[in-house]
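Residue numbers (this note's numbering), protein chains in the order written: chain P, 1 to 114; chain W, 1001 to 1112.
C-beta: ideal position from N, C-alpha, C; glycine also.
What follows is a single structure, written as structure tokens, with notes after it.
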């Protein structure tokens, strides 16, 4: 079956711009989580959506936002981009939320802010 | 969520078993232990998870101590493709959590 699909794979943006990243979960998965990975901070949780509702949020500024659609597809948006937002953004999906279920990760979107 | 401690790096000979330890002494009764691995520049890959009992799947075995304060991931016959960063994570079993807290993990180097 198809895995978690993230688009685009690579993105270059200028400081001050905004960006929208997309994630299509595995069919039947209702939970979608987003993570940011940088060399300095490692993998950090951004937020999680389940049935179109944000269920959990990490410690990131309000410039980072997301949403989930009725078909479980999710988008995350970063406004007023800063150089420090350059990172690999990863999306993960699971059949349900919470413990007892493994999460499947996508290959990520590599964002470079110049 | 439980704090986990893993050795920063380990080596293993190809074909031998790789035993990756994880300490999670603060884990609570309803927290699962998850193991993921990440091969360079790819998304993390789910390996296995468990609550109290030992678990085995086609990739690995997970041995959890009776007091649940530590666990060991066993790759029975390591190959060069198993070279990766391995993460041990404690995560709540409640329905309001979809959050995985990744530490620095263990970099496993499988050598020929």
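- Message: Whether or not the stretch 1066–1081 of chain W and the stretch 1015–1030 of chain W are in contact is what I'm after, with contact meaning three or more pairs of Cβ atoms, one per stretch, closer than 8 Å; do they touch?
- Response: yes
- Query: Exposed or buried, what is residue 1082 of chain W when buried is set at 16 or more other beta-carbons lying within 10 Å of its beta-carbon?
  - Reply: buried
- Is the stretch 79–88 of chain P touching the stretch 45–57 of chain P, taking contact as three or more C-beta pairs under 8 Å? no
- Message: Would you say residue 1100 of chain W lies against chain P (beta-carbon separation less than 8 Å)?
- Response: yes
- Any Cβ of chain W within less than 8 Å of the Cβ of residue 24 of chain P? no
- Item | DSSP three-state assignment for residue 21 of chain P, whether helix, strand or coil | strand
- Opening and closing residue of the beta strand (DSSP E) in which residue 12 of chain P lies: 10–13
- Message: Whole angstroms are fine: how far does the CA of residue 58 of chain P sit from the CA of residue 110 of chain P?
- Response: 20 Å
- Message: Using the three-state DSSP reduction, which class does residue 1081 of chain W fall into: helix, strand or coil?
- Response: helix
- Just checking my contact of residue 1014 of chain W with residue 1078 of chain W at CB under 8 Å: how many whole Å lie between their CB atoms? Indeed, because the Cβ distance is near 6 Å, the residues count as touching under 8 Å.
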